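Chemist: Residue numbers (the working numbering): 820 to 1161. Built from N, CA and C at the ideal position, the CB exists for glycine as well. As the structure is a prediction and not an experimental result, all values here were calculated from the model. I'd like to ask you about the structure that follows.
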Ligand code: NAD
Ligand code: DAU
């Protein structure tokens, strides 16, 4: 089997590549990645030593380059992780989100049709469902919850999902979609909540919590997400959507305090800053379908996952220090410098 992974130099994609290489010793894994600010070949160092792995620097919107790889490799399964993934950046500059997340998905599906792949899998997000109120803990996102997006990022992911379902119905492309909640774990880019807090706390810098810190996210350890994608793309039904999440809801403030406790740093580092525009209040996944149909359950408890994640950042300082030393320096100043105190 040949598995083609897009966006494999990013957070979840790199974890997924290691998952596939380890669990399927007969399979080849091909990675297409444009290496945007979020793509990092250092995350694939060990994979690059494996002769069952091939990396190509390719923009998924570049039809010619994409097709050249399909013509050489004839992948059996295509998994599309490649995306612009940060909500705050989509508020600053929506255009690139529409290009990569929607048009890139189209390009990947056109090539998948032309080369008759057995499965095209789209890695989507629970953000396509919008948000839930904080005072209704009985409500969860199900696969039939209407699409109701808040940010340019989530709207672009929802647009892509609709296109994937349209390619299934119109052209019979054998597709599947997973919609997962917030991931955390190794190789997570330090612009996102958990790695941002770990790396800043380690330097005794202020920790910017948006608004009141009461917004709720449903956290899943990245390896559990990889296992879910793997199951769905190999055994899930064609044309179906599967929600992925482990019933692990926490307020942002709880998450930041857990990180501080793990690092032995004081809560006085927490600083409340101006809220994100359109900030989704609560995400919460109902994972009944993937559990009942495919037997998937998360394996990692939050406390263990956070401990493992903090240890990973402590043991892999050069990975994130290299990022902080590059363009990212300007990013923090640009995005946070103008957030007045709440
Ligand atoms: P990431 O930002 O860490 O990585 C994205 C990767 O895609 C990078 O390697 C980047 O170089 C690559 N990329 C971007 N534009 C590209 C293009 N035009 N062509 C080729 N490669 C390109 O993202 P992530 O957090 O790993 O998310 C991966 C996928 O999972 C995304 O589709 C995201 O929507 C989805 N998702 C993420 C989460 C989460 O919590 N991080 C949860 C659910 C779903
Ligand atoms: O739910 C899945 C989604 O999770 C994915 O589709 C996205 O790609 C991924 O980035 C993530 O989106 P969020 O917006 O939930 O993640 P982020 O880490 O940016 O923020 C998590 C929460 O923490 C959110 O409520 C905003 C808040 N936050 C974030 C940052 C970066 C802060 O309070 N301060 C911060 O500095």
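Going by alpha carbons, who is nearest to residue 827 out of 838, 851, 841?
Modeler: The shortest Cα separation from residue 827 among 838, 851, 841 belongs to 851.
Chemist: Verify the contact flag: residue 1166, CB atom, against every heavy atom of ligand 1, threshold strictly below 6 Å.
Modeler: Residue numbering for the chain in the displayed model covers 820 to 1161; residue 1166 lies beyond these limits and cannot be assessed.
Chemist: Should the stretch 1096-1112 be called in touch with the stretch 1055-1062, which here means at least 3 C-beta pairs below 8 Å?
Modeler: Yes, the stretch 1096-1112 touches the stretch 1055-1062.
Chemist: Closest by CA to residue 887, which one among 1133, 877, 896?
Modeler: Closest option to residue 887, Cα to Cα, is 877.
Chemist: Three or more C-beta pairs closer than 8 Å, one from the stretch 934-942 and one from the stretch 1122-1133: is that the case here?
Modeler: No: the two stretches stay apart, fewer than three of their Cβ pairs being nearer than 8 Å.
Chemist: In terms of residue numbering, what span does the beta strand (DSSP E) encompassing residue 1070 cover?
Modeler: It spans 1068-1070 - the beta strand (DSSP E) in which residue 1070 sits, taken as one unbroken run.
Chemist: Can you list, in chain order, the residues of its chain whose CB lies under 7 Å from that of residue 1076, leaving out five sequence neighbours each side?
Modeler: Contacts found: 1086.
Chemist: Spell out the partners DSSP gives residue 955 in its beta bridges.
Modeler: Residue 955 pairs with nothing; no bridge assigned.
Chemist: Which residue spans inside the stretch 1005-1060 form an unbroken beta strand (DSSP E) run of at least 3?
Modeler: Fully enclosed beta strand (DSSP E) runs of 3 or longer: 1026-1029, 1035-1037.
Chemist: In whole angstroms, what is the alpha-carbon distance linking residue 1172 and residue 1083?
Modeler: Any answer about residue 1172 is impossible in this case: the structure gives the chain only from 820 up to 1161.
Chemist: Are residue 921 and residue 997 close, meaning C-beta to C-beta below 7 Å?
Modeler: No. Outside cutoff.
Chemist: In chain order, what residues of the same chain lie with their CB nearer than 7 Å to the CB of residue 1110, ignoring the 5 residues before and after it?
Modeler: Only 1116 meet the Cβ criterion.
Chemist: On the three-state DSSP scale, how would you describe residue 1135?
Modeler: DSSP places residue 1135 in coil when its eight states are reduced to three.
Chemist: Please report the straight-line C-alpha distance between residue 901 and residue 1091, rounded to a whole angstrom.
Modeler: So the two alpha carbons sit approximately 32 Å from each other.
Chemist: How is residue 1148 classed by DSSP in three states: helix, strand or coil?
Modeler: DSSP places residue 1148 in helix when its eight states are reduced to three.
Chemist: Whole angstroms are fine: how far does the CA of residue 1141 sit from the CA of residue 991?
Modeler: Computed Cα separation, rounded: 44 Å.
Chemist: From which residue to which residue does the beta strand (DSSP E) around residue 874 run?
Modeler: Counting along the chain, the beta strand (DSSP E) containing residue 874 begins and ends at 872-876.
Chemist: As a quick exercise: from 963, 989, 833, 1044, pick the residue whose alpha carbon is nearest that of residue 861.
Modeler: It is 833 whose Cα lies nearest to the Cα of residue 861.
Chemist: Is residue 823 helix, strand or coil when you go by DSSP?
Modeler: Residue state, collapsed to three classes: strand.
Chemist: For residue 1158, collect the residues of the same chain with a Cβ closer than 6 Å to its Cβ; drop the 5 residues on either side in sequence, then sort them by chain order.
Modeler: Result list for residue 1158: 1092, 1093, in chain order.
Chemist: For the alpha helix (DSSP H) that residue 834 lies in, which residues bound it at each end?
Modeler: Per DSSP, residue 834 belongs to the alpha helix (DSSP H) from 830-842.
Chemist: Taking the DSSP output, what are the residues bridged to residue 851?
Modeler: Paired residue(s): 825, 875.
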